[in-house]
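Read through the structure below, which is laid out as structure tokens, and then see the notes.
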DNA sequence: CGAGTGACTGGATCGTTGGTCCGGTGGTCG
DNA sequence: CGACCACCGGACCAACGATCCAGTCACTCG
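Residue numbers (our numbering), protein chains in the order written: chain D, 871 to 1127; chain C, 871 to 1127.
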């Protein structure tokens, strides 16, 4: 019993598909199988033609693409589903919540940049500089990531980088109070820098900078230093980042003595 | 003249008020002045009793309270309005969008911590340490702020602090490539640190830490260093912050030579 | 003293969101 | 041949940010 083609229809001859033969037409016409070309005979065949059956990977890849193109607050489950050619509810089979998608997307971009070859105590400054630079580059290449950094970074790709950083520091000879502080300082410096830069670049940087400059000049009695030196943004992001990093590394190196 | 008792009602004796005498009962009963006790005589007095007529300040103050109590994603215009005893739409007269509320709330908390007394070239390390420490303390006292840092910080309270920082650096003798990089490095270090710490503390830190530790130990072949030293979180936030700050300041100081 | 003004308020409503319910699918294996 | 399972999606829900527009009040001016 129970069997579903309740109304005897040839189901399995390889074509046709005979999707929902009965259904008694339903109470409401309800969109009614898209246009009038819904007759069995025009249906492609093999059910869902060639859709690679929608994996979590495919969802994440498409989410990253959507985020890159339209930004963080334009990511909605519906829009994402539409790009994937499915219904929004289907996504919830592969993923528990929207936050899952964000976490996965965020971790996935860290896979884009390789690690410097194995930690080497003698080259720790170069290795850390390269690591941290790649980290920053990835975050800036996907500016939406900054807005989303306020969640635990515990995905495999992030952990790979964190592991490398700790291993490098250990190999360089740093021990406990300094070890934690070094990892802490480096991570937070990168995160903070990226967050700030992405924040400003997200809204037409030049215009924003000019508005800020004007605002400061108009209140130069209250902000004399800022008015004179210009707004503390966008002077030369790369140079400031590099210089600040050397401060950190210099101070770190000195702590070993 | 001028006197306002339009309908010959003694208005100014301190009571009664005669709020909306006419109104012809309106076309739709529509909730009908809350319950049946809507008769003029039972109405409090003085029109809108004692509501301080809902200023932008009041909105921001209440928004901060709401954020403190319930977190960033529980802030909605409706809930905020309810706490203020008004309808949600009313808020939009004082504020253009919800983001305005966030910007104002974020800036307002920076007013909580004072500035060290005027910049003094000789005490720049102490002054900057104090400034940055206060900054961090405020952000941690309002953990929702971290999730919201991805927006331009250009409010008056933030600018006061930024001005102080720049003035201190100038007074200390830093000049251009270093001046920008120093301000950049310090700000971003604080922001990154706070963001990370608030992120973890937002979800029951001890539990999260244990879960992370377990996760790492289960994969100790992939993350040997991390598994051995424990997850790179929550060891001692304050100490790591202070130590990292000294690295930065040491490196900065060395750059002056 | 009546008409008017501008600051301020809120009910109804719109389009959209994240998420759930539940009734389906096709393919495969016993 | 029937049962199962991985997978899909229409209908639906409560809640959200935002807007429209019809007011109501304190006060001023002619």
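Positions of the beta carbon are idealized from the N, C-alpha and C atoms, including for glycine.
Computed from a prediction, not measured in an experiment: that's the story for all the values here.
Open item on the list: Which residue marks the beginning of the alpha helix (DSSP H) containing residue 1005/C, and which one marks its end?
Closed with: From DSSP, the alpha helix (DSSP H) with residue 1005/C extends over 994 to 1011.
- [ ] Could you please give the first and the last residue of the uninterrupted alpha helix (DSSP H) stretch that includes residue 1121/D?
- [x] Start and end: 1107 to 1125.
- [ ] Could you list which residues in chain C have their beta carbon closer than 8 angstroms to that of residue 1070/D, in chain order?
- [x] The answer, in chain order, is 1022.
Task: Check whether residue 1058/C and residue 1117/D have beta carbons under 8 angstroms apart - done: No.
Task: As assigned by DSSP and simplified to three states, the class of residue 968/C - done: Residue 968/C: helix per DSSP, three-state reduction.
Task: Under the three-state DSSP convention, the category residue 1062/C falls into - done: Here residue 1062/C sits in helix by DSSP.
Task: residue 932/D versus residue 954/D - alpha carbon distance - done: If you take the alpha carbons of residue 932/D and residue 954/D, they lie about 7 angstroms apart.
Task: Three-state secondary structure assigned by DSSP to residue 1103/D - done: It is coil, neither helix nor strand.
- [ ] Could you name the residues of the same chain whose beta carbon sits closer than 7 angstroms to that of residue 1075/D, not counting the 5 residues immediately before and after it, in chain order?
- [x] Excluding sequence neighbours, residue 1075/D sits near 1104.
TODO: Give the straight-line distance between the Cα atoms of residue 1121/D and residue 1119/C, rounded to the nearest whole angstrom.
DONE: Spanning the two alpha carbons is a distance of roughly 7 angstroms.
- [ ] Output the distance between the C-alpha atoms of residue 1126/C and residue 1004/D, rounded to the nearest integer angstrom.
- [x] Note on geometry: alpha-carbon atoms of residue 1126/C and residue 1004/D lie some 29 angstroms from one another.
- [ ] Quick one: which unbroken alpha helix (DSSP H) runs of 4-plus residues sit fully inside the region 1015 to 1103 of chain C? Chain order, please.
- [x] If we require 4 residues or more, the alpha helix (DSSP H) runs fully inside the region 1015 to 1103 of chain C come out as 1026 to 1041, 1046 to 1071, 1075 to 1088 and 1094 to 1099.
- [ ] Keeping to the same chain, check which residues put their C-beta closer than 7 angstroms to that of residue 1015/D; ignore five residues upstream and five downstream.
- [x] Here the set comprises 976, 979 and 1009.
Open item on the list: If contacts are defined as beta-carbon pairs under 8 angstroms, then residue 1019/D and residue 1061/D qualify, I think. What distance do you get, rounded to the angstrom?
Closed with: About 6 angstroms separates the two Cβ atoms, so the contact holds.
Task: Element boundaries [alpha helix (DSSP H), containing residue 944/C] - done: Per DSSP, residue 944/C belongs to no alpha helix (DSSP H) and is neither H nor E.
TODO: Taking the CB atoms as reference points, tell me whether residue 1052/C and residue 1039/C lie closer together than 8 angstroms.
DONE: A contact, by the Cβ cut-off of 8 angstroms.
- [ ] For residue 1107/D, count neighbouring Cβ atoms within 10 angstroms of its own Cβ and tell me buried if that reaches 16, exposed if not.
- [x] Taking every protein chain shown into account, the CB of residue 1107/D has 16 or more other CB atoms within 10 angstroms, so this residue is buried.
- [ ] Buried or exposed for residue 1080/D, please, with buried defined as at least 16 other CB atoms from any protein chain shown within 10 angstroms of its CB.
- [x] That one is exposed.
Task: Short-range partners of chain D found in the region 1048 to 1060 of chain C, where Cβ spacing is below 8 angstroms - done: Taking 8 angstroms as the upper bound on Cβ-Cβ separation, chain D lies near residues 1048, 1049, 1050, 1051, 1052, 1053, 1054, 1055, 1057, 1058, 1059 and 1060 of the region 1048 to 1060 of chain C.
Task: is_contact[residue 983/D, chain C] using C-beta, thresh 8 angstroms - done: No, residue 983/D does not count as interfacial toward chain C.
TODO: Please determine, among 925/C, 951/C and 1090/C, the residue with the shortest C-alpha to C-alpha distance to residue 936/C.
DONE: Its Cα nearest to that of residue 936/C, the residue 951/C stands out among 925/C, 951/C and 1090/C.
Open item on the list: Is residue 1020/C close to the ligand COA? I mean its beta-carbon at under 7 angstroms from any heavy atom of the ligand.
Closed with: Judged by which ligands are present, the structure shown has none, so any question about the ligand COA falls away.
- [ ] Taking a Cβ distance cut-off of 8 angstroms, strictly less, list which residues of the region 1098 to 1109 of chain C are near chain D, in chain order.
- [x] Those residues of the region 1098 to 1109 of chain C placed with their C-beta closer than 8 angstroms to a C-beta in chain D are 1099, 1102, 1105, 1106 and 1109, ordered along the chain.
Task: Backbone secondary structure at residue 983/C - three-state DSSP - done: If DSSP states are grouped into helix, strand and coil, residue 983/C belongs with coil.
TODO: Determine the direct distance from the alpha carbon of residue 1115/C to that of residue 948/C, and round the result to whole angstroms.
DONE: Straight through space, the alpha carbons of residue 1115/C and residue 948/C are spaced by roughly 41 angstroms.
TODO: Just the C-alpha distance for residue 924/C and residue 972/C, rounded to the nearest angstrom, thanks.
DONE: So the two alpha carbons sit approximately 17 angstroms from each other.
Task: Cα-Cα separation, residue 990/C to residue 1124/D - done: Distance between the alpha carbons of residue 990/C and residue 1124/D is about 26 angstroms.
TODO: Taking a Cβ distance cut-off of 7 angstroms, strictly less, list which residues of the region 1022 to 1041 of chain D are near chain C, in chain order.
DONE: The residues in question are 1022, 1024, 1029, 1032, 1033, 1036, 1037 and 1040.
Task: Interface flag, residue 1065/D vs chain C, CB-CB below 8 angstroms - done: At least one chain C Cβ lies under 8 angstroms of residue 1065/D.
Open item on the list: Please report whether the beta-carbon of residue 925/D lies at a distance below 8 angstroms from any beta-carbon of chain C.
Closed with: With respect to chain C, the C-beta atom of residue 925/D has no partner C-beta closer than 8 angstroms.
TODO: Using a cut-off of 9 angstroms between C-beta atoms, extract the partners of residue 1077/D located in chain C.
DONE: Think of a sphere of 9 angstroms around the beta carbon of residue 1077/D: no beta carbon from chain C falls inside it, the nearest being about 12 angstroms out.
Open item on the list: Just checking: is the beta-carbon of residue 1082/C within a distance shorter than 8 angstroms of some beta-carbon in chain D?
Closed with: Taking 8 angstroms as the threshold, the shortest C-beta distance from residue 1082/C to chain D falls below it.
Open item on the list: Run through chain D and tell me which residues come within less than 8 angstroms of residue 1007/C, C-beta to C-beta.
Closed with: Residues of chain D whose Cβ lies closer than 8 angstroms to the Cβ of residue 1007/C do not exist, since the nearest Cβ in that chain is about 16 angstroms away.
- [ ] Indicate whether residue 1113/C and residue 1097/C have their beta-carbon atoms separated by less than 8 angstroms.
- [x] Against a cut-off of 8 angstroms, the Cβ pair of residue 1097/C and residue 1113/C comes out as no contact.
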